[in-house]
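Undergrad:
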Amino acid sequence: MILHPAILALIGASLVSSFLILYAAWGGWQILCRWDISSGSELQLNLERRTYLTSTILSYNFAFQMLSLFLFIYTADNLHNLFIGAMCAAGTLNANTYGYPLLLLKIFNFLLAGVWLIINHADSKGYDYPLLKIKYLLILCFVPLVLAESYLLLRYFSGLQADVITSCCGSLFSSEKETVSGGLAALPSGPMMLAFYVVIGATVLFGGHFYRKKRGGYLFATASTVTFVIATASLVSFICLYFYELPTHHCPFCLLQREYGHIGYVLYATLVGGGVAGLGVGVLMPFKNRKSMINVIPPLQQRLTAIVLICYTLFVLVVSYRIIFSSFRLVSL
Amino acid sequence: MIELSHISKSFNVGKGNQFTALDDVSLNIDRGKVTILKGPSGSGKTTLMTVLGCMSRPTTGRIKLHGINVSGVTGDAGLDTLEITSLPERFLTEIRRSTFGFIFQHFNLVKGLTVLENVLLPAYPLGENFTILRQRGMDLLGMFNITRHAAAPVDRLSGGEMQRVAIARALINNPAVIIADEPTAHLDSALSREFMTILADFKKDGRTILVASHDPIIYDSTLADTVIEMRDGRVTSIAERG
Amino acid sequence: MNRSLERHRNILDFALSSLLRRRARNISLFVLYTLIVFALASVVFFTQALKREAALLLKDAPDIVVQKMVAGRHDLIPTDYGLQIAAIRGVKEVQPRLWGYYYDPFNSANYTLVVPALQPPAPQFIHIGNGVARVRRLGSGDLMALMTYKQETLLLEVQEILSADAELVSSDLILIGENDFRTLFDFPRDVATDLTVTVTNPQELTTVARKIVARFPDTRPILKSEILRTYDAIFDWRGGMMVVLLTAAVLSFVIFAWDKATGLSAEERKEIGILKSIGWETSDVLLLKSWEGIVISLSAFLIGILLAYAHVFFFSAPLFEHALKGWGVLYPSFRLVPAFDFYQISLLFFLTVLPYTAATIIPSWRAATIDPDAAMRS
Chain L
925 MILHPAILAL
935 IGASLVSSFL
945 ILYAAWGGWQ
955 ILCRWDISSG
965 SELQLNLERR
975 TYLTSTILSY
985 NFAFQMLSLF
995 LFIYTADNLH
1005 NLFIGAMCAA
1015 GTLNANTYGY
1025 PLLLLKIFNF
1035 LLAGVWLIIN
1045 HADSKGYDYP
1055 LLKIKYLLIL
1065 CFVPLVLAES
1075 YLLLRYFSGL
1085 QADVITSCCG
1095 SLFSSEKETV
1105 SGGLAALPSG
1115 PMMLAFYVVI
1125 GATVLFGGHF
1135 YRKKRGGYLF
1145 ATASTVTFVI
1155 ATASLVSFIC
1165 LYFYELPTHH
1175 CPFCLLQREY
1185 GHIGYVLYAT
1195 LVGGGVAGLG
1205 VGVLMPFKNR
1215 KSMINVIPPL
1225 QQRLTAIVLI
1235 CYTLFVLVVS
1245 YRIIFSSFRL
1255 VSL
Chain F
62 MIELSHISKS
72 FNVGKGNQFT
82 ALDDVSLNID
92 RGKVTILKGP
102 SGSGKTTLMT
112 VLGCMSRPTT
122 GRIKLHGINV
132 SGVTGDAGLD
142 TLEITSLPER
152 FLTEIRRSTF
162 GFIFQHFNLV
172 KGLTVLENVL
182 LPAYPLGENF
192 TILRQRGMDL
202 LGMFNITRHA
212 AAPVDRLSGG
222 EMQRVAIARA
232 LINNPAVIIA
242 DEPTAHLDSA
252 LSREFMTILA
262 DFKKDGRTIL
272 VASHDPIIYD
282 STLADTVIEM
292 RDGRVTSIAE
302 RG
Chain Y
235 MNRSLERHRN
245 ILDFALSSLL
255 RRRARNISLF
265 VLYTLIVFAL
275 ASVVFFTQAL
285 KREAALLLKD
295 APDIVVQKMV
305 AGRHDLIPTD
315 YGLQIAAIRG
325 VKEVQPRLWG
335 YYYDPFNSAN
345 YTLVVPALQP
355 PAPQFIHIGN
365 GVARVRRLGS
375 GDLMALMTYK
385 QETLLLEVQE
395 ILSADAELVS
405 SDLILIGEND
415 FRTLFDFPRD
425 VATDLTVTVT
435 NPQELTTVAR
445 KIVARFPDTR
455 PILKSEILRT
465 YDAIFDWRGG
475 MMVVLLTAAV
485 LSFVIFAWDK
495 ATGLSAEERK
505 EIGILKSIGW
515 ETSDVLLLKS
525 WEGIVISLSA
535 FLIGILLAYA
545 HVFFFSAPLF
555 EHALKGWGVL
565 YPSFRLVPAF
575 DFYQISLLFF
585 LTVLPYTAAT
595 IIPSWRAATI
605 DPDAAMRS
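Protein chains in written order, with the numbering used here: chain L, 925 to 1257; chain F, 62 to 303; chain Y, 235 to 612.
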């Protein structure tokens, strides 16, 4: 265990998050069990008041999670000095087996929290609590995930020992390793690039269609989610190479550094924004014909679609600009 | 305009101090009329007012509104009928702040704020442009002859002036219904009569008026179209006048 | 969009005025909040500045330092070790170093004496650091007397006072010529304090270090990155320790904030009741409460951070100096080079604003769900 202020802050924050989610889930459980909208009993009134607390907790939790993701990656980067061979956050995360699962779980929880807020937003516009069930079921799903995140965080940090020899990001993301990230880096960049442009093109196409005709929502949501996955893989596989102008540097974290103009923030913000909004469109699909939602979900979906289109277009523009104007050329092309 | 059927409201259900404030009340409030709720204190007048004004939900029974539109809500029974019994709070509040203006027994002004701020308070969450809002507030102050106090803290006003601030506040969102709970309880007879002339103006403007009171100046007034008498949470008599 | 913006503006406006109206009630919270931010920010800034100083110190340090060990203790190294190490493949250059400490009994101070490899001072001349100049009240051209190990006085002329940049490093420094150094400490001719090794290819540092140990099992090569790592680890650890100690303060602050937020005064309750009765909704009151929280948090955070910045970088952190710096008595007025970045700000945000916010969520909700008809029943 390394006694670094940021590690203490992250552990503290994850404990607070876990507690709040547990509290929200406990309320959610009562709501799921005893909800009766037609009743005017004091119990029902209390449960309805409780829904405000849940929304508030989850909104704050979302903000906490966003900040904690940022702080986590930066702390990993900050600590790399302590590990022989670690050149950046990638090396620190690799210092023990909990690092990468923790990062992935953090990202997943963050996406899920974003989707929850979208559902909650739609629900609050309906006059009969139309999405109540799915909302609170989702919170119950949060509990194990958030607890797992806290557990991994504790394991990861308590397992950190300065001086453990770790691979630096150069070798971690080099093509020989049989890890997930190594696998991503090993993806052939030519076909990967093709796939990237095809899925993003398809998403924009479906999105435009859905935006104008309000049809093909599932198709669009699926395409958008696939794009999210492919674009993330592409980021490791070939996009970052153009930013680093190095053929072997596949690290997805260095993009956040000042040396690369903090461009990583633009890339990740657009990617995550598009991913969450796209998922949101899909999750809302089954409810859009409910009577109380008929005037709520379609315009909301339209706005989300616009967000997806703007985010992904921006992402593609930044990436393409770099690919075209960078002096770096991939040999395989 | 407002239709109550078999409304009951109980507090502290299942506990030792359970009591029933309203017991099977059914009545209709007509548009543009002045309705007086009469009865001793503890008869359930205030609770009935809160239920009528979408401030609290009945334990059982149904409330329907006619001819009131709320964005995002579509009624079941015909276009202008809206069942509001189990609407979520945010919709009830939406209805309440666009349709009802409240005048309270103790005025319920926020101490420390100026007269103008108090008048504007109900409109804050509506997100109206502040300049327009302010102008409307000043117009209302002018209407009630208290413009000179606009920047003064409400604590410095006399009882009559406070009353007028409270009335101006009730009007800020231009409600169709005015609900007043014992409005003259803290006023002398002269001020009470002044209040009645203001009510008369409201009626002329076509507003629906609901007053709970046990003050004869109010329930014996010629303004009253309907007088509903209450006792122990039940309606004992409904007298139509005029 | 515009409407919801105006709503925020109106409610923020009201939040500000209601905070001001309850000035007396909020001031204690605000002061405590600022103090907590100030204390934590001082620790974080100071640790960071020390790490930076250390890195600055090591920027020009050699890649490898080789020490001779005798029975696990550092000993003087024969200079001919250097010649043999220079012959190892991959080694670019080997330099013997001469340095040590001199205790000045009159001022109870320790000076660090170093013979620079490049441009050492001429015999009878020295360059001294700021701290030394201050303690001994010396200017350039003055004579400094040191006592040799043979109890003779060695008079040396101060040629130059070292610049104040990164004073933590150079403050107690005396640069001296090789002959004067050997005379002063009665140092044998054929040994040095340690050896510095530079390597042609930095990637081969570990390989070279391994070869040195293999050839001379009685030596210990120390890598620059190791030193840097050790410094970082030590400063982080000290900072972490301080944060652990301050956790108790943060916790009691959080409990205080919780208590404040829970124990609404009767008047405040009444006010929220009025707001709700005249058409404010639960989420409007929640928004009001969160704006109040944001205003308090941001102002306490900003003021706390500014105070800490001044405390650390203008006044050299008098409150934490001894706990965190932990070496030397010779630095009464050293000044740290201001260094802070967004990472530290977000770290501090996490340590202070997050617990405060978390502690006020549930009380705010309790306050916001006061029944609207409560105002009519009072």
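Every residue, glycine too, gets a C-beta built ideally from N, C-alpha and C.
For clarity, every value in this text was computed on a predicted model and none was experimentally measured.
Beta strand (DSSP E) containing residue 1127(L): first to last residue?
TA: As a working mapping, residue 1127(L) is identified with position 203 in the first sequence. Where residue 1127(L) is concerned, there is no enclosing beta strand (DSSP E), although the alpha helix (DSSP H) it sits in stretches over 1113–1137.
Undergrad: Please say whether residue 166(F) and residue 276(F) have beta carbons closer to each other than 8 Å?
TA: Sequence index remark: in the second sequence, residue 276(F) carries index 215 (1-based). Sequence index remark: in the second sequence, residue 166(F) carries index 105 (1-based). No, they are not a contact pair.
Undergrad: Report the residue from 373(Y), 340(Y), 356(Y), 353(Y) whose alpha carbon sits nearest the alpha carbon of residue 381(Y).
TA: For the purposes of this step, residue 381(Y) is taken as the residue at position 147 of the third sequence. Ranking the options by Cα distance to residue 381(Y), first place goes to 340(Y).
Undergrad: Per DSSP, what are the beta-bridge partners of residue 196(F) in this structure?
TA: The residue given as residue 196(F) occupies position 135 in the second sequence. Its beta-bridge partners do not exist; DSSP assigns none.
Undergrad: Sorted by chain position, which residues of the same chain lie with C-beta nearer than 7 Å to residue 192(F)'s C-beta, five sequence neighbours on each side aside?
TA: In the second sequence, residue 192(F) corresponds to position 131, counting from 1. Cβ within range, chain order: n/a, list empty.
Undergrad: With burial defined as no fewer than 16 other Cβ atoms inside 10 Å of the residue's Cβ, what is the status of residue 77(F): buried or exposed?
TA: If you number the second sequence from 1, residue 77(F) lands on position 16. Result: exposed.
Undergrad: Counting only the same chain and skipping the five closest in sequence on each side, list residues whose C-beta sits under 8 Å from that of residue 354(Y).
TA: Along the third sequence, one-based indexing puts residue 354(Y) at 120. Result list for residue 354(Y): 409, 410, 411, 412, in chain order.
Undergrad: For residue 114(F), which residues in the same chain have their Cβ closer than 7 Å to its Cβ, ignoring the five residues on either side in sequence?
TA: Taking the second sequence and counting its residues from 1, the one referred to as residue 114(F) is at position 53. 157, 161, 163, 240, listed in sequence order.
Undergrad: For residue 251(Y) and residue 961(L), I'd like the C-alpha separation in whole angstroms.
TA: Residue numbering aside, residue 251(Y) sits at position 17 when the third sequence is read from its first letter. Residue numbering aside, residue 961(L) sits at position 37 when the first sequence is read from its first letter. Cα to Cα, residue 251(Y) sits roughly 38 Å from residue 961(L).
Undergrad: Any Cβ of chain L within less than 8 Å of the Cβ of residue 86(F)?
TA: The residue given as residue 86(F) occupies position 25 in the second sequence. Answer no: the Cβ-Cβ gap between residue 86(F) and chain L never drops below 8 Å.
Undergrad: Enumerate in chain order the residues of its own chain whose CB-to-CB distance from residue 496(Y) is below 6 Å, with the five nearest sequence positions on each side excluded.
TA: For this step, residue 496(Y) is matched to residue 262 along the third sequence. These residues qualify, in order along the chain: 597.
Undergrad: Output, in sequence order along the chain, the residues in the segment 948–975 of chain L whose CB is closer than 7 Å to any CB in chain F.
TA: Listed in sequence order: 961, 962, 964, 965, 966, 969, 972.
Undergrad: Closest by CA to residue 387(Y), which one among 356(Y), 419(Y), 373(Y)?
TA: Locating residue 387(Y) in the third sequence gives position 153, where the first residue counts as 1. The candidate whose alpha carbon is nearest that of residue 387(Y) is 419(Y).
Undergrad: Could you check whether the Cβ of residue 150(F) sits closer than 8 Å to any Cβ belonging to chain L?
TA: Translated into positions along the second sequence, residue 150(F) becomes position 89. Yes, residue 150(F) counts as interfacial toward chain L.
Undergrad: From residue 119(F) to residue 186(F), what does the alpha carbon distance come to, in whole angstroms?
TA: In the second sequence, counting from the first residue as 1, residue 119(F) sits at position 58. In the second sequence, counting from the first residue as 1, residue 186(F) sits at position 125. Cα to Cα, the separation comes out at about 25 Å.
Undergrad: Report yes if the C-beta distance between residue 100(F) and residue 290(F) is below 8 Å; otherwise report no.
TA: Within the second sequence, residue 100(F) is the residue found at index 39, counting from 1. Within the second sequence, residue 290(F) is the residue found at index 229, counting from 1. Result yes, Cβ atoms of residue 100(F) and residue 290(F) sit closer than 8 Å.
Undergrad: From the DSSP secondary-structure annotation, give me the bridge partner or partners of residue 1057(L).
TA: For the purposes of this step, residue 1057(L) is taken as residue 133 along the first sequence, with counting starting at 1. Its beta-bridge partners do not exist; DSSP assigns none.
Undergrad: For residue 303(Y) and residue 454(Y), which I take to be in contact (beta-carbon distance under 8 Å), what is that distance rounded to the nearest angstrom?
TA: Taking the third sequence and counting its residues from 1, the one referred to as residue 303(Y) is at position 69. Taking the third sequence and counting its residues from 1, the one referred to as residue 454(Y) is at position 220. Going by Cβ atoms, the distance from residue 303(Y) to residue 454(Y) rounds to 5 Å, so yes, they are a contact pair.
Undergrad: What does residue 242(F) pair with, by DSSP beta-bridge criteria?
TA: By 1-based counting over the second sequence, the position of residue 242(F) is 181. Partner(s): 273(F).
Undergrad: Taking Cβ-Cβ distances below 9 Å as the criterion, which residues of the segment 165–187 of chain F are in contact with chain Y?
TA: So the list reads 165, 166, 167, 169, 170, 171, 172, 173, 174, 178, 181, 182, 183, 184, 185, 186, 187, given in the order they occur along the chain.
Undergrad: Any Cβ of chain F within less than 8 Å of the Cβ of residue 262(Y)?
TA: For the purposes of this step, residue 262(Y) is taken as the residue at position 28 of the third sequence. So, not an interface residue.
Undergrad: To the nearest whole angstrom, what separates the beta carbons of residue 1206(L) and residue 1232(L), a pair I think is in contact under 8 Å?
TA: To locate residue 1206(L), count along the first sequence from 1; it is residue 282. To locate residue 1232(L), count along the first sequence from 1; it is residue 308. No, residue 1206(L) and residue 1232(L) are not in contact; Cβ-Cβ is about 11 Å, not under 8 Å.
Undergrad: Under a CB-based cut-off of 8 Å, is residue 209(F) close to chain L?
TA: The count along the second sequence starts at 1 and reaches residue 209(F) at position 148. Judged by the 8 Å Cβ criterion, residue 209(F) is not in contact with chain L.
Undergrad: Pick from 1209(L), 945(L), 1153(L), 992(L): whose alpha carbon is nearest that of residue 1043(L)?
TA: Position 119 of the first sequence holds residue 1043(L). Taking only the C-alpha atoms, the option nearest residue 1043(L) is 1209(L).
Undergrad: Who does residue 127(F) pair with in a DSSP beta bridge?
TA: Taking the second sequence and counting its residues from 1, the one referred to as residue 127(F) is at position 66. Per DSSP, 142(F).
Undergrad: List the residues of chain L whose Cβ lies closer than 7 Å to the Cβ of residue 118(F), in chain order.
TA: For the purposes of this step, residue 118(F) is taken as residue 57 along the second sequence, with counting starting at 1. Within 7 Å Cβ-Cβ: 964, 969.
Undergrad: From which residue to which residue does the alpha helix (DSSP H) around residue 929(L) run?
TA: The count along the first sequence starts at 1 and reaches residue 929(L) at position 5. Run containing residue 929(L): 929–958, per the alpha helix (DSSP H) assignment.
Undergrad: Would you report the Cα separation of residue 1093(L) and residue 601(Y), rounded to the nearest angstrom?
TA: Taking the first residue of the first sequence as 1, we reach residue 1093(L) at position 169. Taking the first residue of the third sequence as 1, we reach residue 601(Y) at position 367. Legend: pLDDT at residue 1093(L) = 43, less than 50; position of this residue unreliable, value from coordinates given subsequently. When rounded, the distance between both Cα atoms is 50 Å.
Undergrad: Residue 240(Y) touches chain F at which residues, Cβ-Cβ below 8 Å?
TA: As a working note, residue 240(Y) is residue 6 in the third sequence. Going along chain F in sequence order, the residues near residue 240(Y) (Cβ under 8 Å) are 188, 189, 190, 191.
Undergrad: Would you mind telling me which residues of chain F sit closer than 9 Å to residue 1048(L), beta carbon to beta carbon, in chain order?
TA: Within the first sequence, the letter at position 124 stands for residue 1048(L). By Cβ distance, chain F contributes 149, 151.
Undergrad: Report the CB separation of residue 1167(L) from residue 1180(L) in whole angstroms; it is logged as a contact under 8 Å.
TA: Counting from one through the first sequence, the residue named residue 1167(L) turns up at place 243. Counting from one through the first sequence, the residue named residue 1180(L) turns up at place 256. Not quite, the Cβ-Cβ distance comes to about 11 Å (not below 8 Å), so this is no contact.
Undergrad: Quickly, what does DSSP pair residue 669(Y) with across the bridge? List them, please.
TA: This structure cannot speak to residue 669(Y), because chain Y is shown only from 235 to 612.
Undergrad: Counting pairs of Cβ atoms below 8 Å between the segment 1001–1011 of chain L and the segment 1073–1088 of chain L, do you hit three or more?
TA: Yes, the segment 1001–1011 of chain L touches the segment 1073–1088 of chain L.
Undergrad: With DSSP run on the structure shown, which of helix, strand or coil describes residue 330(Y)?
TA: As a working note, residue 330(Y) is residue 96 in the third sequence. Here residue 330(Y) sits in strand by DSSP.
Undergrad: Under the assumption that residue 1033(L) contacts residue 1069(L) (Cβ atoms under 8 Å), give the Cβ distance between them as a whole number of angstroms.
TA: For the purposes of this step, residue 1033(L) is taken as residue 109 along the first sequence, with counting starting at 1. For the purposes of this step, residue 1069(L) is taken as residue 145 along the first sequence, with counting starting at 1. Residue 1033(L) to residue 1069(L), Cβ: 5 Å. Contact.
Undergrad: Kindly list the residues whose CB is nearer than 8 Å to the CB of residue 189(F), restricted to its own chain and excluding five residues on each side of it in sequence; keep chain order.
TA: The sequence position of residue 189(F) within the second sequence is 128, counting from 1. Nothing meets the Cβ criterion.
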